[in-house]
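Peer 1: Chains as they are written, first to last, in my numbering: chain X, 1250 to 1380; chain A, 1250 to 1380; chain U, 1250 to 1380; chain H, 1250 to 1380. Idealized CB from N, CA, C, for every residue including glycine.
Number of protein chains: 4
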Amino acid sequence: MSDAETSIEQLKALVLAFSKERDWEQFHHPKDLGVALASEVGELLDHFRYKTNDQIRAELGQGATHRAVSHELADCLWVILRLADVCRVDLASALAEKVELAALKYPVDQSFGRADKYTTYRPTDPGPSID
Amino acid sequence: MSDAETSIEQLKALVLAFSKERDWEQFHHPKDLGVALASEVGELLDHFRYKTNDQIRAELGQGATHRAVSHELADCLWVILRLADVCRVDLASALAEKVELAALKYPVDQSFGRADKYTTYRPTDPGPSID
Amino acid sequence: MSDAETSIEQLKALVLAFSKERDWEQFHHPKDLGVALASEVGELLDHFRYKTNDQIRAELGQGATHRAVSHELADCLWVILRLADVCRVDLASALAEKVELAALKYPVDQSFGRADKYTTYRPTDPGPSID
Amino acid sequence: MSDAETSIEQLKALVLAFSKERDWEQFHHPKDLGVALASEVGELLDHFRYKTNDQIRAELGQGATHRAVSHELADCLWVILRLADVCRVDLASALAEKVELAALKYPVDQSFGRADKYTTYRPTDPGPSID
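#1: Mark Pro-1279/U as exposed unless 16 or more other C-beta atoms lie within 10 angstroms of its C-beta, in which case mark it buried.
#2: Using only the alpha-carbon positions, how far apart do Gln-1359/X and Glu-1274/A sit?
#3: Runs of 3 residues minimum, wholly inside the region 1259 to 1342 of chain H: which ones carry the beta strand (DSSP E) assignment?
#4: Starting from the beta carbon of Thr-1369/X, find every residue of chain A whose beta carbon is closer than 9 angstroms, and list them in chain order.
#5: Using a beta-carbon distance cut-off of less than 7 angstroms, what residues from the region 1287 to 1302 of chain A approach chain D?
#6: Give the residues from the region 1316 to 1338 of chain X that approach chain A closer than 7 angstroms (Cβ to any Cβ), ordered along the chain.
#7: Indicate whether at least one CB of chain H lies closer than 8 angstroms to the CB of Leu-1353/U.
#8: Is it buried or exposed, Ser-1288/H, if we count other Cβ atoms within 10 angstroms and call 16 or more buried?
#9: Assign Thr-1255/A to one of two classes, buried (16 or more other C-beta atoms within 10 Å of its C-beta) or exposed (fewer than that).
#10: Report yes if the CB atom of Leu-1309/X is closer than 8 angstroms to the CB atom of Ala-1341/A, and no otherwise.
#11: In whole angstroms, give me the CA-to-CA distance for Ala-1313/X and Gly-1291/U.
#12: Which class does Ser-1251/A belong to by DSSP, given the choice of helix, strand or coil?
#13: Does DSSP classify Ser-1378/U as helix, strand or coil?
#14: Could you compute how far the alpha carbon of Ser-1251/H sits from the alpha carbon of Ala-1253/A?
#15: Could you compute how far the alpha carbon of Ala-1364/H sits from the alpha carbon of Lys-1300/X?
#16: Closest Cβ-Cβ distance between Glu-1270/U and chain H: below 8 angstroms?
#17: Answer yes or no: do Val-1318/H and His-1277/H have a C-beta to C-beta separation smaller than 8 angstroms?
#18: Tell whether a beta-carbon distance below 8 angstroms holds between Leu-1293/U and Leu-1330/U.
#19: Is the separation between the beta-carbon of His-1263/H and that of Leu-1344/U shorter than 8 angstroms?
#20: Taking C-beta to C-beta, are Asp-1272/U and Phe-1297/H nearer than 8 angstroms?
#21: Rounded to the nearest angstrom, what separates Pro-1377/U and Val-1348/U at their Cα positions?
#22: With a CB to CB cut of under 8 angstroms and the five nearest residues on each side skipped, what residues in its chain are close to Leu-1282/X?
#23: Is Lys-1354/A near Tyr-1367/A, with beta carbons less than 8 angstroms apart?
#24: Could you compute how far the alpha carbon of Asn-1302/U sits from the alpha carbon of Asp-1339/H?
#25: Rounded to the nearest angstrom, how far is the Cβ of Ile-1305/X from that of Ile-1257/A, given a contact under 8 angstroms?
#26: Between which residues of its own chain and Cys-1325/X is the CB-CB distance below 7 angstroms, once the five residues before and five after are set aside?
#27: How about Glu-1270/U and Val-1357/H: do their beta carbons lie closer than 8 angstroms?
#28: Are any of the Cβ atoms in chain X nearer than 8 angstroms to that of Ala-1307/H?
#29: Ends of the alpha helix (DSSP H) at Asp-1358/A?
#30: Answer yes or no: does any C-beta atom of chain H fall closer than 8 angstroms to that of Gly-1362/U?
#31: For a contact defined as C-beta to C-beta under 7 angstroms, what are the partners of Gly-1283/H on chain X?
#32: Chain H partners of Phe-1276/A, CB-CB under 8 angstroms?
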């Protein structure tokens, strides 16, 4: 499997099959998956704490750290796929929609090279609410 | 775009293009993206707090909540795609590997219908470390 | 030390001394402490995932789980105390202020027995912004 | 109220009274409070994302940001106090215990000026398990 050849649906099916085999769907309430997601994100962030950006980059160049971070990211994605499944969310279309809305919030000419929130330079949001 | 027809690579490309257009790649250090991910997960979880599983299910059946939760999930996925990009992680293969390792940790016959950690029933982990 | 006899300032001093002794203040930027906090919260939440409220209550009645959860809570508090220190925040007065503002947002007669957000029943927030 | 004069118990009582007045204790299961904590931490971290340490320091020198961050920290503490209450945890003694255990893990002579985990330089943990 590779990112180039694998659809979101295939990944959703992969982790659903894992749950079905173990009769784990009964535990996958949105709130519990949300708790699981916060846990997995915490494990991912643990790789970054108290390190400078340069240190993190250097460590990611080492096989062991790269593999560990890959697995943490995979764990986060796993939970998101299960959440999307139980909440009946099509992730690709939701992301495409979100990107479109974000483009309205962050017009290129105003947001170019700026990391601050759109509210800084667009105090009144003219577009549709996208939270 | 739909989950059935969209590859992970296409989604990675979509959010990368958004950043490139705005010259935002300079801000996308792993630690900062990690901070962003924790923020987005917090927004997602805000939809679940102090609600029972039944209430959450009922609210997800309403268009407005369903759309809001879809957008929060899309935001989380967005950050994970950027993180995978800057950390040079192939998400599909990392997830496939993680699922294989999890299958070793949670053999079907021992984990069937049980939500507890494998460490409860397998105090000594025989398999490779997968954190 | 006990909650009845220990001030916030004493706890701030305790964890500051620990950092000073190890020359760790140099690492305690707000962002890094924020990352650490998300990690610690993730570890705490790991005790709750995929468990019902009844299971969690029962497990908290056991010494080992109670002690483990106590330690996770202590870790979260530890990071908050360091954050308050480096951000020069008086936690007691900030909390007192926040409670006062929350009382405006959630008048007893309107919020009694309701878990939903004040925005549900007070679409226009009349009080000062409190994030 | 100030950190110098306020005990943890007083703060616990303050937020408990707020809940009691609104009959909100019924919603305060550990899992739900955990979800709330992750949400509040997400809001706090939102102040730090995509900003350098210098930018964050500068912004904290401004009244508005300092007040906003104070409130986010107060929100996090609020939830921790409620969690400690419902989990029957004495935070001061748990923290004192945790600091003692951390001192065993991070002896001053080995950890001085180092941000990495004790596992880097002490592959075998000799002390008691402290999660």
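Peer 2: Well, looking at it:
#1: Counting from 1 along the third sequence, the entry for residue 1279/U is found at position 30. So Pro-1279/U counts as buried.
#2: The sequence position of residue 1359/X within the first sequence is 110, counting from 1. The sequence position of residue 1274/A within the second sequence is 25, counting from 1. Gln-1359/X and Glu-1274/A: Cα-Cα distance of roughly 16 angstroms.
#3: Fully enclosed beta strand (DSSP E) runs of no fewer than 3 residues are not present anywhere in the region 1259 to 1342 of chain H.
#4: For the purposes of this step, residue 1369/X is taken as residue 120 along the first sequence, with counting starting at 1. The contacting residues do not exist; Thr-1369/X stays about 14 angstroms from chain A at best.
#5: Within the model displayed, chain D is absent; protein chains X, A, U and H are what it includes.
#6: Ala-1317, Val-1318, Ser-1319, His-1320, Leu-1322, Ala-1323, Asp-1324, Cys-1325, Leu-1326, Trp-1327, Ile-1329, Leu-1332, Ala-1333, Cys-1336, Val-1338
#7: Sequence index remark: in the third sequence, residue 1353/U carries index 104 (1-based). It does not; no Cβ of chain H falls within 8 angstroms.
#8: What you label residue 1288/H is simply residue 39 of the fourth sequence in a count that begins at 1. It counts as buried.
#9: For this step, residue 1255/A is matched to residue 6 along the second sequence. Under this definition Thr-1255/A is a buried residue.
#10: Position 60 of the first sequence, counted from the start, is the residue given in the question as residue 1309/X. Position 92 of the second sequence, counted from the start, is the residue given in the question as residue 1341/A. The answer is no: Cβ separation not under 8 angstroms.
#11: What you label residue 1313/X is simply residue 64 of the first sequence in a count that begins at 1. What you label residue 1291/U is simply residue 42 of the third sequence in a count that begins at 1. The straight-line gap from Cα to Cα measures roughly 22 angstroms.
#12: The residue labelled residue 1251/A in the question sits at position 2 within the second sequence. Correct three-state label for Ser-1251/A: coil.
#13: Sequence index remark: in the third sequence, residue 1378/U carries index 129 (1-based). Confidence at Ser-1378/U is low in this model, with a pLDDT of 45, below 50, so the placement of that residue should be treated as unreliable; the coordinate-derived value is given next. Looking at Ser-1378/U - three-state DSSP - the assignment turns out to be coil, as it is neither helix nor strand.
#14: Your numbering for residue 1251/H matches position 2 in the fourth sequence. Your numbering for residue 1253/A matches position 4 in the second sequence. Computed Cα separation, rounded: 57 angstroms.
#15: Working through the fourth sequence from its first residue, we reach residue 1364/H at position 115. Working through the first sequence from its first residue, we reach residue 1300/X at position 51. Ala-1364/H and Lys-1300/X: Cα-Cα distance of roughly 7 angstroms.
#16: Within the third sequence, the letter at position 21 stands for residue 1270/U. Chain H, which has a Cβ nearer than 8 angstroms to the Cβ of Glu-1270/U, makes this yes.
#17: By 1-based counting over the fourth sequence, the position of residue 1318/H is 69. By 1-based counting over the fourth sequence, the position of residue 1277/H is 28. No, the Cβ-Cβ distance between Val-1318/H and His-1277/H is not below 8 angstroms.
#18: As a working mapping, residue 1293/U is identified with position 44 in the third sequence. As a working mapping, residue 1330/U is identified with position 81 in the third sequence. Their beta carbons are not under 8 angstroms apart, which means Leu-1293/U does not touch Leu-1330/U by this criterion.
#19: Within the fourth sequence, residue 1263/H is the residue found at index 14, counting from 1. Within the third sequence, residue 1344/U is the residue found at index 95, counting from 1. Checking the sequence, you will find Leu at residue 1263/H rather than His. Yes.
#20: Working through the third sequence from its first residue, we reach residue 1272/U at position 23. Working through the fourth sequence from its first residue, we reach residue 1297/H at position 48. Not a contact, by the Cβ cut-off of 8 angstroms.
#21: Taking the first residue of the third sequence as 1, we reach residue 1377/U at position 128. Taking the first residue of the third sequence as 1, we reach residue 1348/U at position 99. Bear in mind that a pLDDT of 46 at Pro-1377/U, under 50, signals an unreliable position, so the number given afterwards is only what the model happens to contain. Cα-Cα distance, rounded: 13 angstroms.
#22: Taking the first sequence and counting its residues from 1, one reaches residue 1282/X at position 33. Short of 8 angstroms from the beta carbon of Leu-1282/X, and not among the five residues preceding or following it, lie these beta carbons of its own chain, in chain order: Val-1328, Arg-1331, Leu-1332, Val-1335.
#23: Taking the first residue of the second sequence as position 1, residue 1354/A is located at position 105. Taking the first residue of the second sequence as position 1, residue 1367/A is located at position 118. For Lys-1354/A and Tyr-1367/A, yes; Cβs fall inside 8 angstroms.
#24: Within the third sequence, residue 1302/U is the residue found at index 53, counting from 1. Within the fourth sequence, residue 1339/H is the residue found at index 90, counting from 1. Going by the C-alpha atoms only, they are around 21 angstroms apart.
#25: Position 56 of the first sequence, counted from the start, is the residue given in the question as residue 1305/X. Position 8 of the second sequence, counted from the start, is the residue given in the question as residue 1257/A. Rounded, the Cβ-Cβ distance is 23 angstroms, inconsistent with contact.
#26: If you number the first sequence from 1, residue 1325/X lands on position 76. Here the set comprises Leu-1286, Glu-1289, Val-1290, Leu-1293.
#27: Here residue 1270/U is taken as the residue at index 21 of the third sequence, counted from 1. Here residue 1357/H is taken as the residue at index 108 of the fourth sequence, counted from 1. Yes; because the gap between Cβ atoms is below 8 angstroms, this pair is in contact.
#28: Locating residue 1307/H in the fourth sequence gives position 58, counting from the first residue. No, Ala-1307/H lies away from the interface with chain X (no Cβ there is under 8 angstroms from its Cβ).
#29: Working through the second sequence from its first residue, we reach residue 1358/A at position 109. Residues 1357 to 1360.
#30: Locating residue 1362/U in the third sequence gives position 113, counting from the first residue. It does; some Cβ of chain H falls within 8 angstroms.
#31: If you number the fourth sequence from 1, residue 1283/H lands on position 34. Within chain X, Val-1284 have C-beta atoms less than 7 angstroms from the C-beta of Gly-1283/H, given in sequence order.
#32: The count along the second sequence starts at 1 and reaches residue 1276/A at position 27. Residues of chain H passing the Cβ test: Tyr-1299.
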